[in-house]
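Structure first, commentary second.
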Amino acid sequence: MKDNATPPFGADPCATEFRLNGASVAVSAPPGERLSQSLRERLGTRDVKIGCNAGDCGACTVLVDGAPVCACLMPTARVAGASVETQSGLVAHDPLAQRLADSFHAHQAAQCGICTPGMMVAAMALLRAVPSPTAAQVEDALGGVLCRCTGYRKIIDAVVDAGVGGMPPQPPSTGDVGQAIPRLDGRPKLDGRERFGDDIAPADTLVLRVIRSPHHHARFRLGDLQAWQAANPWVALVLTAADIPGRNLFGVIPGFIDQPVFANDTVRFKGEAVAAVVGPADAMAQFDAGQFPITWDPLPAVLDVATATAPDAPRLHPGHEGNILCQGFVKHGDADGAMAAADVQVEGQFETSYVEHGYIEPEAGMADLVDGRLHIYGCTQAPVMDQEALAPILALPLDRIRVLPSATGGGFGSKIDISFQPFVALAALRLGRAVRITYSRQETMASTTKRHPAQISLKVGAQADGTLAAIAFEGQFNTGAYASWGPTVANRVPIHASGPYALRNYIARAQGVYTNGTPAGAFRGFGVPQSAVAQEVLFDELADKLGQDALEFRIKNALTNGTPTICGQVFQQGVGIKACLQALRPAWARLNAEAQAFNAQAGVLRRGVGVAGGWYGCGNTSLPNPSTIKAGVRADGTVVLHQGAADIGQGSNTVIPQIFARALGVDVAQIAVIDGDTDRTPDAGKTSASRQTFVTGNAARLAGEALRRLLLAQVNAADDSRIVLGTAQGTGLVVEDATGPHRLRLADLPVDAEGYVLRVQETYDPPTLPLDENGQGAPYAQYGYAAHLAMVEVDTKLGTTRVLQIVAAHDVGCAINPLLVEGQVQGGVAQGLGMALMEEYLPGRTENLHDYLMPTFGDVPPIETLIIEEPDAHGPYGAKGLGEHALIPTAPAILNAIGRATGARLRKLPVTPARLRAALKEVGHA
Amino acid sequence: MGYHRPDRVEDAFQALAQGASVIAGGTDWYPARGDGPVPQHLLDITRLPQFSGIARHDGGWRIGAATSWSAIVNADLPPAFAGLQAAGREVGSVQIQNAGTIGGNLCNASPAADGMPALLTLDAHVQLVSAKGTRRLPLAQFVTGARQTALQPGELLQAIDIPDTWAAPGTGAAFAKLGARKYLVISIAMVAAILRLNAGRVADARVAVGACSAVAQRLGALEAALQGATPDEFAARVAQAPLTGLSPIADVRGSAEYRLDAVRELLSRALMTAAEAANER
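From first to last, the protein sequence lines stand for chains A and B. Position one of the first sequence corresponds to residue 1 (the working numbering), numbered consecutively onward. Position one of the second sequence corresponds to residue 1001 (the working numbering), numbered consecutively onward.
Laid out in structure tokens, this is it:
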């Protein structure tokens, strides 16, 4: 093999010969190079994924002489003479791996797919040794691989069913709305072909590394960069704030664009970018960022809301007195009066922590110049927003920037904001050639957005008969050093903090507060999971005080059709919370009886069952929020769907075509799909706020209907005619009506620039109304609803909590793909469980995946999903959004279960063993 | 410079003298580099003949320093090793156990090293080799502080020696690790225990605690207090024993107070598990 990477300095490369996926290979790499790096960059085996470079995530798992190891912790030179197997080789050569891939496909065990290579390789080691593994054996064997999307249960099912005697389910195949077809984009995730952000760039692409602040707050001076570059001739380029041709700011909300690409002279958080260095890959691998010439002058830092709002606190942004970013407010009826008149009141102060998104794919991508235009490749949730954010920074018109999303290895909100894009864009423009970047695990954790830590004061009143009387909510949300989606959180929380309940008297105020913490932004639920913790936990205490059953109390107060929300919005249809809560009644009775029987035996283990509800308005709050879908027909009869909704694992690459196919009246497999590319797919908006199935789905429905009308009109066929596409794509198009088949003479029609003879483009924008000064109006066209049960077992001596079972009822209006619904629910539950019990990001202290704990295989219990379909008048075929809803009730349900198991009422998340043990002692546990 | 993977210990000493960085399993070596560059001069000790494998010899057992945790977990070892094997099953993940070594775990000298408590209860000694010869140290004298060992320049940890102290019938051993999740977890606290029962009473006991002090500690006072106890009495004796030598810190995983509280519970449970194992023989 050609040595394509002699380092410019350092030791001579070592030649290592071994067998890779059955073939003899030789690789020349610097001593000590990680096997993962050699496999990916020197041998092209990019199915080996790098998630942490520390053995904490297992994504890089390969088999060395049959044994699973983390390739990131193995020197390449060590495998001399050994046999190395990776996902792509296993699936190509081993029928057992092909069976495993089929089982993963049928179970939708891959969502985003970034952990899938590690999962499948670890599973292969198990299946070769244990042909029919049990679920427990799967958990033990795969326990070293983290997944952030699936909640693990589908992966367990898939591996068990891949074993001898297992039966991979045979899904139905037409792909109509309501059918649980496998993901249309699923196969590449299972055979190693999928290309994520770091998988695009050729191995010889220049590498960019960002220089970041080691201080929470500091002034800095750059040294003599010209002299430094001259002393380091391998450096291709150094970038600083001075190199930005346009506006050195980015953000996501007009009026709150406040974060510099590179800090000018002051950094406001640890991890903020100050400069970038570009060079050849092997030189950059040896680059020590500590050498970069810069001097720091640390300043006092404010890391929480209390210190940031203190009178003497440093002001972080001009125009924001008291470091207040902004405020949201909703007032309905007379909360003070009703509270005073209520028969029963409860109140509490709650605190939640920073939560890390924890996608296994760190931000990665590449920029290049193609025919004078800038191409940006990489992971993203919002390709058009990326384009719009880059244009003013680069001083380029929009049409000079093309964003080509790669597969995205999880996002959960953080990949809506730009991260790596401006750095590589600036470098590519300056150098006139491609430049790539991959964030390290530490870098992604330290520099990208988090869930807002919240401090909440809540008071709830009710009448003696159990009717809710009033809620008063005050919340402060730490938005970190820059605004990001802080204003959205501040606005959304007051609209949701009542929960999905009928209430006449309500007041809620939420503030975003600047601190020197890591910027907090969008994360599954935009602040609602935090407020739901306070509200649902106090509802349990209120039910107890009233002597009422916690579930029945919620059912009694559930919002119904025709009842105004706390924003005064009245839905005459589609309000499904009562149905969700009622669906839990059998499990509530059964699990409570089980817990009671268990607790009848004395012991240190106590069980309890908790319930919580939740709701979430789909789409932007009272703002335009359109999605556009385009489709065309080629002269050969091929129907092409241009679908630009970013699939970050949630499944829009499958759901949107299913909706379009239903509207057009054809099988989904017969449609050719073009996924996100800002040149080819119209703007489908960002993947956020549970809006893609609802909003882009509606655009797809409209486009399908329009195309159907257009096709039928070609032969003047009746509305109920059948459209028949050839069994293979491109083999003609026939319309059948009562008079028989009519072949469309497509070849006679003029062909447009994109190769289409017929085309449609449709836009959908949800109908909303602005909110007045009291937050009254119609903020969303639809809400989705959810209610969860959790059964837990608490070890009262150690303070540890094991979640034994989750039952999750979700009103999705119409389950376009029920298996994707289950996948969203299970993944959301796992994140809610993590938020409840273990996840606590501390800036500067937990910037890795061994100090920051996310749930592993053994932590997520069986999850029973109850799909409720209360159709929504605005949703495509009645469908509602789901992404955020899956997370919202989980944490409060777990907290309530702990309370019922032990009597301990926790007010601070996460409920770590130390915090729970302290609370248990306070309520009298020995 | 370069990657050295010698099969003669003399060659290893030479590379060491030239400043090579010692790597065994790599599972701590790589994470220790953070985002910085990886050293370009490495000494890989995994092929050295005296450094790998588990062997019975006169008076005890010898575990090569570069023996992987998986090899230890899967080895056919006496009941006294049950705690060490249980600890091995909780080192990181299967992937980590397949690469990570027992010697690396000791040399890395983390306060939360999973192997330390069980090895302390087994009265382990370390064999250190250098060009000048071989020396032997009790494990407690080898790990001297957080991230600190008695390893001298030019010296390598070659093997861990474990005496046959616990060969008698009636011996049971156990390990208990407390973490905030199931897999891939760093200990909040952990304990190892070995005991020998005679007519239902403790004839001899060793207990050690990890992640509650800079270096894992044997609890001599508790060991003495356990003499003659029946399993029913374990909890009371543990509750009354001074936990001398433990000085837990408060960190992201838990408060100092919590650690001390949890350790007593872990000790009681590990002793009960060990007693059950002893009774089965």
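No residue lacks a Cβ here, since even glycine has one placed at the ideal position from N, Cα and C. Just so it is clear, the structure is predicted and the values come from calculations on it, not from any experiment.
- Below the 7 Å Cβ cutoff, chain B contributes 1252 as neighbours of residue 846/A, in chain order.
- Listed by position along chain B, the residues whose Cβ is nearer than 7 Å to that of residue 855/A are 1181.
- Annotation for residue 265/A: 219, 220, 221 place their beta carbon closer than 8 Å to its own, counting only its chain and skipping 5 residues before and after.
- At a beta-carbon threshold of 7 Å, the residues of chain B lying near residue 797/A are 1265, ordered along the chain.
- It is roughly 7 Å from the alpha-carbon of residue 532/A to the alpha-carbon of residue 892/A.
- Nearest C-alpha to residue 1110/B among 1142/B, 1148/B, 1119/B: 1148/B.
- Residues of the segment 1185–1200 of chain B that bring their beta carbon within less than 9 Å of a beta carbon in chain A comprise 1185, 1186, 1188, in sequence order.
- For residue 655/A, the uninterrupted alpha helix (DSSP H) segment begins and ends at 652–664.
- Sixteen is the threshold: since fewer than 16 other Cβ atoms of the shown chains lie within 10 Å of the Cβ of residue 545/A, the residue is exposed.
- With a threshold of 16 other beta carbon atoms within 10 Å, residue 767/A falls short and is exposed.
- Residues of chain B with a Cβ closer than 9 Å to the Cβ of residue 336/A do not exist; the shortest Cβ-Cβ separation is about 39 Å.
- The beta carbons of residue 1265/B and residue 797/A sit closer together than 7 Å.
- Secondary-structure assignment with DSSP links residue 14/A through a beta bridge to 29/A.
- Distances from the CA of residue 871/A to each of 142/A, 811/A, 912/A were compared; the closest alpha carbon is that of 811/A.
- Contact check between the segment 813–826 of chain A and the segment 881–895 of chain A: three or more CB pairs, one atom from each, fall below 8 Å, which counts as touching.
- Neighbours of residue 1110/B across chain A, judged by C-beta separation under 7 Å, do not exist; the nearest C-beta is about 11 Å away.
- The beta carbon of residue 149/A sits closer than 7 Å to the beta carbons of 111, 112, 410, 649, 827 from its chain, once the five residues preceding and following it are set aside; these are given in chain order.
- Contact annotation for residue 30/A against chain B: 1040 [CB-CB distance below 7 Å, chain order].
- When only Cα atoms are considered, residue 63/A and residue 507/A end up about 58 Å apart.
- With respect to chain A, the C-beta atom of residue 1204/B has no partner C-beta closer than 7 Å.
- Less than 7 Å divides the Cβ of residue 849/A from the Cβ of residue 56/A.
- Taking 7 Å as the threshold, the shortest C-beta distance from residue 1093/B to chain A falls below it.
- For residue 566/A and residue 329/A, the gap between their C-alpha atoms comes out near 11 Å.
- At a cut-off of 7 Å between C-beta atoms, residue 917/A counts as an interface residue with respect to chain B.
- Secondary structure at residue 1200/B: coil, using DSSP grouped into helix, strand and coil.
- Here residue 897/A really is in contact with residue 792/A; their C-beta atoms are around 4 Å apart, less than 8 Å.
- C-alpha of residue 1178/B to C-alpha of residue 1235/B: approximately 18 Å in a straight line.
- In the DSSP assignment, residue 1162/B forms a beta bridge with 1061/B.
- Taking a beta-carbon distance threshold of 7 Å, residue 144/A counts as an interface residue toward chain B.
- For residue 1099/B, a Cβ of chain A is located within less than 7 Å of the residue's own Cβ.
- As a beta-bridge residue in DSSP terms, residue 366/A pairs with 377/A, 436/A.
- Three or more Cβ pairs closer than 8 Å define a contact, and the segment 1236–1255 of chain B meets that threshold against the segment 901–914 of chain A.
- Proximity of the segment 561–581 of chain A to the segment 746–761 of chain A falls short of the contact definition, fewer than three beta-carbon pairs being nearer than 8 Å.
- Note on geometry: alpha-carbon atoms of residue 656/A and residue 813/A lie some 16 Å from one another.
- Under the Cβ distance rule, residue 1067/B does not count among the residues neighbouring chain A, no pair being separated by less than 7 Å.
- Identification of residues in the segment 1042–1058 of chain B having a C-beta nearer than 8 Å to some C-beta of chain A yields 1042, 1044, 1046, given in sequence order.
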